[in-house]
Each structure stands twice: as C-alpha cells, then as structure tokens.
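Engineer: Mapping of the sequence shown onto the working numbering: residues 616 to 1099, in sequence order. Below you'll find the structure I mean.
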Amino acid sequence: MTNSSDINIYDIIVIGSGPGGYIAAIRASQLGLKTAIVEREHMGGICLNWGCIPTKALLRSAEVYDHMSHAKDYGLRVEKFSADIAAVVKRSRGVTAQMAAGIGFLMKKNKVDVIWGEAAITAKGEVSVTETKKDIVQPQNTIPKGILPTGKYSAKNIIIATGARPRVLPGIEPDNDKIWTYFDAMKPAKMPKSIVVMGSGAIGIEFASFYRSMGVEVTVVELLSNVMPVEDVEISKLAQKRFEKRGMRILTDTKVIKIEKTKAGIIAHVELKTGKVEKIAAEKLISAVGVQCNTENLGLENLGVKIENGAIMIDGHGRTNVQGIYAIGDVAGAPMLAHKAEHEAVICVETIAGQNPHGLDRDKIPGCTYCDPQVASVGMSEKQAIEQGRKIKVGRFPFIGNGKAVALGEPDGLVKTIFDDKTGELLGAHMIGAEVTELIQGFVIAMNLETTEEELMHTIFPHPTLSETMKESVLDAYGKALNM
C-alpha cells in the first residue's frame, strides 16, 4: 500500500467509470488499496447513461403502452390513450440521472478519489490527466463533489476500463438527424413514422422492439442468416416469427450497400440474398452494427500493450502483456456485457491484491436481450455442442403448457436445455418469452455449481411460476416431461 501522505500516488488508478471501472474502484478500496478513478464524460459509463439502464426504461414504457393497447384481452376497457414521447424520454433520462448520482455517492462512500478529464498512460506507472474534450452530458448534480484537478498521477497498477463506442461504417456515418446511433435513438424529439434498423444484435433488436411497440413501421436488415445471430438457431427463428407477427419486416442475408438521404428521410439500398437490390424508404435509420473499443489516445502503443482486432489482449485475470497494466470490460473484447465487466473487475483487483481468484469462465456468461419477446441464454447452443462432437440430449418446453404464462397472457415462449448425454452436465440453456431475462440466472447458477440433470429434476420449483418451464425442459430432455 502507498503512503497516504503521497497525494498523487496510488495503488490503483482506474481509467473509466463504467460498470467495470467503478466496481474495480470499489473492490480495490474494500481491500485497503488507495484508489483513484478517472472519468472524462459521465459517471457510470455508457451502460448507465446511454445503454443498459435508459434503454430498459424506454422498453418498460413501450411494454406498458403495448399492454394498454391490448387491455381488452384482459377484460379491461381503456379508451383514448396516447404516447407522449417527450415524457417517455424524460423518464428514461431521469432514471439514468438517479443511478449516476448513486455512482458518485458510492465513490465518496468508498473513499475513491475522482479525477475528471482525459487520461493517458505517459510512462509505466504514470497517468497524465488533461482537460476533457468531451461534452459533459450528465446532470451537474450527478457529478461527485471534491473532484481532483487534472495533472500527473502515479500508480503501481493501472486498470483500463474505457469501454467501447458505436461502430461507424464508411458511407453510413451518423449525422444526428436522419442516420442515428443508439445515442440518437434513445432521445428522439418526436416519433418517426418509419425506421430502418441496420443490425439485429441486442442493441438493434431492442430499439426495433421499442419503436414497433410505439407504433412505428420497422424494417430490420441483418447481414447474417438469422436475427440475433449469437443465439441458438431455433430460438432465433422463433424470435423472428414473433417479431414479424408484431408487424416488423425482417430481412436476413441482406446487406445495406448505400444510404441515400432525401428531404423526407433516407432510402436504404439493400442487396437481398437473391442478389436483387431493393430500395426501402424511411424517416430514420439506426446503425446498430456493433461497437469498437476505446483504445485510442491512451498511450498503449508506446508502452507495447498488445491489441488484436481492436481489443486489448488480457488473460483470465485482466493482465495485459505489460506488467502493472490491466484491462477489463468492453475494451478487453467480447462479450461486451456489463455483468462480464463487473465480474472481470473483481477478479482483476483481487489478483492485484494477491488473492488468487478463479479466472473468468466465458462459457458461463449469460446474455439477455430485452426485446418483446425477451431472449436469454447461457452456455453452448445446440449447434456448438454438436460441432464439439458432443453426444447430447435436448429438452424443450413451450410456455403454452405453463399455467402462469397463460394467465399472464404470454403463452408464446420456449425453454430449451442441452445436456451431455454421458455425464448429465448442463451444457447450455436458451429461452424466449416473458421475463426470461430474470429466469436465466437459475441455469447460470446450476452450471456454475456443476449441477446434473438428476439434481435439477429433484429440485422443487414453485407453482404457479414461469420457472416451472425450466424444470419441464430438463424433464423433456430425458423423456419425462409432465405437462405436455
């Protein structure tokens, strides 16, 4: 530990205050390490300010709006309701502001020094912080008090947690007007009549779902053969059917080759699987073709930090190839998920503190997409298990066989489980339907505890709950399903 009288000398300096960065700072402080965190734009990072949290607030508004439009299905009468998009956006930004203020409080509570500005590693163990070039988009009351000044700071260990930003394709550069990133899509001044979403990963499909629920004509263009291409193919195909049933137009195996701006909006020139080129007119286009890591201007090249495919290379404990420099979260590569960043943060700091924690197991990181219907998964897909040469047993249980799902008016869904035939090991679980993002953690815990199919079968699930679909899927894998 450093001498507390050395004001500018720290045990750990964390660059970036997103979910990985601020968790790293808190855990470091808990372990008695003198810690500072550098932020250039907003406490809580992209996740809290422009990603995970505000999108969920928007999607909740859309869900309530959807329920109102189908009130008669529940025996209720709702008349003359409408959406106030300004109020929807205001609520979303309010949720973000509340949570961002909470991060500032946590820094103060845990005695983490906050330095506001642009950080660069100018030498081994040295961080130079200069005035930020970014617009501070955060409400002033969410920025912690007592921020340290810019200048030079020293640390035995530096953790890079600078995250990622939307990927920009040549010729389809966002203009904050007709071509949007998710930043723009999160705060529309008014609701467009039509929109093209380029990319059907989690970001693209969540915005497609939000705008469709709000009555917008939505076309999704996906380069690969399935929407949500990282998901199990069976789940992906079910999702596409549900999206199309909701009125979305889904184009897979389709490439955007040109965007033409017009007075009314845009015309997307897309090349279909057949080779035919179709022109799609819409008011707006959301570019959701992935993200790229924020590795620039940090001084990494001069230090020899290894970067591949745009991401900082690390081992399972966050260590880079340069002693004393670590990386966590999106900047360290896929999967680019907040909960992965948080877990990496704890492992990284405990490694620095000499506690020898278990390395990150990427096979047990759950993925959740909060579209309608929700999609969640963990572990191998059926295709991946077969490609690995595994002999497997696959169980499926549809929501239509679950009393709680039918009572909720949510009978469209599926739980799919994949087991190793020889050992009974749960290899993967894939779910689509109401609240599956809350259910998936049951399978994550089961996998982490190396639970077998027998132990899951002997587990009592409460009735009536959606969680019963999980047990039934396990039973089905072994020919024992009871409710179908």
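We put the CB at the ideal spot given by N, CA and C, even for glycine.
What is the DSSP secondary structure of residue 1032, counted as helix, strand or coil?
Structural biologist: Residue mapping note: residue 1032 aligns to position 417 of the sequence shown, counting from 1. Strand.
Engineer: Look at residue 659 and residue 637 and say whether their C-beta atoms are less than 8 Å apart.
Structural biologist: Locating residue 659 in the sequence shown gives position 44, where the first residue counts as 1. Locating residue 637 in the sequence shown gives position 22, where the first residue counts as 1. Cβ distance < 8 Å, so residue 659 and residue 637 count as in contact.
Engineer: Is the CB-CB distance between residue 833 and residue 806 below 8 Å?
Structural biologist: Walking along the sequence shown from the start, residue 833 turns up at place 218. Walking along the sequence shown from the start, residue 806 turns up at place 191. Cβ atoms of residue 833 and residue 806: not closer than 8 Å.
Engineer: If residue 773 sits next to residue 941, beta carbons under 8 Å apart, how far is it from one beta carbon to the other, in whole angstroms?
Structural biologist: Residue numbering aside, residue 773 sits at position 158 when the sequence shown is read from its first letter. Residue numbering aside, residue 941 sits at position 326 when the sequence shown is read from its first letter. 7 Å between Cβ atoms; contact.
Engineer: Return the CA-CA distance between residue 850 and residue 819, expressed in angstroms with no decimal places.
Structural biologist: Along the sequence shown, one-based indexing puts residue 850 at 235. Along the sequence shown, one-based indexing puts residue 819 at 204. The alpha-carbon atoms of residue 850 and residue 819 are separated by roughly 17 Å.
Engineer: Is residue 809 closer than 8 Å to residue 898 when the C-beta atoms are compared?
Structural biologist: As a first step, residue 898 is located in the sequence shown; it is residue number 283 there, counting from the start. As a first step, residue 809 is located in the sequence shown; it is residue number 194 there, counting from the start. Result yes, Cβ atoms of residue 898 and residue 809 sit closer than 8 Å.
Engineer: Can you list the alpha helix (DSSP H) stretches of 4 or more residues lying completely in the segment 888-948, in chain order?
Structural biologist: 915-918
Engineer: Would you kindly report the start and end of the unbroken alpha helix (DSSP H) that includes residue 667?
Structural biologist: Working through the sequence shown from its first residue, we reach residue 667 at position 52. Where residue 667 is concerned, the enclosing alpha helix (DSSP H) stretches over 667-684.
Engineer: Which residue from 826, 712 and 721 puts its Cα closest to that of residue 676?
Structural biologist: Mapped onto the sequence shown, residue 676 falls at position 61. Of the candidates 826, 712 and 721, the one whose C-alpha sits nearest the C-alpha of residue 676 is 826.
Engineer: With 16 other CB atoms within 10 Å as the buried threshold, where does residue 1095 fall?
Structural biologist: In the sequence shown, the residue the question calls residue 1095 occupies position 480. Exposed.
Engineer: Quick one: Cα of residue 1034 to Cα of residue 1043, how far?
Structural biologist: As a working mapping, residue 1034 is identified with position 419 in the sequence shown. As a working mapping, residue 1043 is identified with position 428 in the sequence shown. Rounded to the nearest angstrom, the two C-alpha atoms are 7 Å apart.
Engineer: CB residue 900 to CB residue 929, shorter than 8 Å?
Structural biologist: Position 285 of the sequence shown, counting from 1, holds the residue named residue 900. Position 314 of the sequence shown, counting from 1, holds the residue named residue 929. Judged by beta-carbon spacing, residue 929 lies beyond the 8 Å limit of residue 900, meaning their Cβ atoms are not closer than that value.
Engineer: Using the three-state DSSP reduction, which class does residue 995 fall into: helix, strand or coil?
Structural biologist: In the sequence shown, the residue the question calls residue 995 occupies position 380. Three-state result, residue 995: coil.
Engineer: Where are the alpha helix (DSSP H) runs, 4 residues long or more, that stay fully inside the segment 945-1022, in chain order?
Structural biologist: 953-967 and 997-1002
Engineer: Suppose contacts are defined by Cβ-Cβ distances below 8 Å. Is residue 879 in contact with residue 646 by that definition?
Structural biologist: Here residue 879 is taken as the residue at index 264 of the sequence shown, counted from 1. Here residue 646 is taken as the residue at index 31 of the sequence shown, counted from 1. No; because the gap between Cβ atoms is not below 8 Å, this pair is not in contact.
Engineer: Can you tell me the Cβ-Cβ gap for residue 950 and residue 980, rounded? I've got them flagged as a contact below 8 Å.
Structural biologist: Numbered from its first residue, the sequence shown carries residue 950 at position 335. Numbered from its first residue, the sequence shown carries residue 980 at position 365. The Cβ separation is near 6 Å, so the contact holds.
Engineer: Rounded to whole angstroms, what is the Cα-Cα separation between residue 1060 and residue 1075?
Structural biologist: Mapped onto the sequence shown, residue 1060 falls at position 445. Mapped onto the sequence shown, residue 1075 falls at position 460. If I take the Cα positions, the gap works out to 15 Å.
Engineer: Closest to residue 887 by C-alpha separation, out of 896, 872 and 877, would be which residue?
Structural biologist: Numbered from its first residue, the sequence shown carries residue 887 at position 272. Looking at the Cα atoms, 872 is the closest of the given residues.
Engineer: What did DSSP end up calling residue 628 once you bin it into helix, strand or coil?
Structural biologist: In the sequence shown, the residue the question calls residue 628 occupies position 13. Three-state result, residue 628: strand.
Engineer: Helix, strand or coil: how does DSSP classify residue 841 here?
Structural biologist: As a working mapping, residue 841 is identified with position 226 in the sequence shown. It is coil, neither helix nor strand.
Engineer: Between 1093, 1014 and 1038, which lies nearest to residue 1079 when the distance is taken from Cα to Cα?
Structural biologist: Stepping through the sequence shown from its first residue, residue 1079 is reached at position 464. Answer by Cα proximity: 1014.
Engineer: Find the nearest neighbour of residue 989 within the set 651, 642 and 678, judged by alpha-carbon distance.
Structural biologist: The count along the sequence shown starts at 1 and reaches residue 989 at position 374. The option with the nearest alpha carbon to residue 989 is 678.
Engineer: Which whole-angstrom value describes the C-beta separation of residue 908 and residue 946, a residue pair presumed to lie in contact below a C-beta threshold of 8 Å?
Structural biologist: Taking the sequence shown and counting its residues from 1, the one referred to as residue 908 is at position 293. Taking the sequence shown and counting its residues from 1, the one referred to as residue 946 is at position 331. About 5 Å separates the two Cβ atoms, so the contact holds.
Engineer: How big is the Cα-Cα spacing for residue 1085 and residue 1022?
Structural biologist: The residue you call residue 1085 lines up with position 470 of the sequence shown. The residue you call residue 1022 lines up with position 407 of the sequence shown. The straight-line gap from Cα to Cα measures roughly 17 Å.
Engineer: For residue 848, which three-state DSSP category applies?
Structural biologist: Here residue 848 refers to the residue found at position 233 when the sequence shown is read from its first residue. Of the three classes helix, strand and coil, the one that applies to residue 848 here is helix, per DSSP.
Engineer: Would you decide whether residue 1071 is buried or exposed? Buried here means 16 or more other CB atoms lie within 10 Å of its CB.
Structural biologist: The residue given as residue 1071 occupies position 456 in the sequence shown. By the beta-carbon neighbour count (other beta carbons within 10 angstroms, threshold 16), residue 1071 is buried.
Engineer: Residues in the same chain with beta-carbon distance under 8 Å from residue 795, minus the five sequence neighbours each way, listed in chain order, please.
Structural biologist: For the purposes of this step, residue 795 is taken as residue 180 along the sequence shown, with counting starting at 1. If we look at residue 795 and ignore the five residues flanking it on each side, its Cβ neighbours are 789, 899, 900, 901 and 902.
Engineer: So, residue 771 versus residue 626, is the Cβ gap smaller than 8 Å?
Structural biologist: Within the sequence shown, residue 771 is the residue found at index 156, counting from 1. Within the sequence shown, residue 626 is the residue found at index 11, counting from 1. Result yes, Cβ atoms of residue 771 and residue 626 sit closer than 8 Å.
Engineer: Let me make sure I understand the geometry here. Which of 706, 971, 738 and 1001 has the alpha-carbon closest to that of residue 919?
Structural biologist: Counting from 1 along the sequence shown, the entry for residue 919 is found at position 304. Checking every option, the nearest Cα to that of residue 919 belongs to 738.
Engineer: Could you round the C-beta distance between residue 904 and residue 866 to whole angstroms and report it? I think they count as a contact, below 8 Å.
Structural biologist: Indexing the sequence shown from 1 puts residue 904 at position 289. Indexing the sequence shown from 1 puts residue 866 at position 251. About 14 Å; that fails the 8 Å criterion.
Engineer: Quick check on this structure: which residue in 765, 671, 972 and 1027 has the alpha carbon closest to the alpha carbon of residue 860?
Structural biologist: Looking up residue 860 in the sequence shown gives position 245. With distances taken between Cα atoms, residue 860 lies closest to 1027.
Engineer: Taking just the CA atoms, how far does residue 663 sit from residue 671?
Structural biologist: The residue labelled residue 671 in the question sits at position 56 within the sequence shown. The residue labelled residue 663 in the question sits at position 48 within the sequence shown. So the two alpha carbons sit approximately 10 Å from each other.
Engineer: Report yes or no: is there a C-beta of chain B within less than 8 Å of the C-beta of residue 1073?
Structural biologist: The chain inventory of the structure shown lacks chain B, comprising one protein chain alone.
Engineer: What are the partner residues of residue 1046, as DSSP defines its beta bridges?
Structural biologist: Along the sequence shown, one-based indexing puts residue 1046 at 431. Bridge partners of residue 1046: 991 and 1030.
Engineer: Under three-state DSSP, which class holds residue 836?
Structural biologist: As a working mapping, residue 836 is identified with position 221 in the sequence shown. DSSP places residue 836 in strand when its eight states are reduced to three.
Engineer: Given a threshold of 16 other Cβ atoms within 10 Å of its Cβ, counted over all protein chains shown, does residue 649 qualify as buried or as exposed?
Structural biologist: For the purposes of this step, residue 649 is identified with residue 34 of the sequence shown, where counting begins at 1. By the neighbour-count rule (16 or more Cβ atoms within 10 Å), residue 649 is buried.
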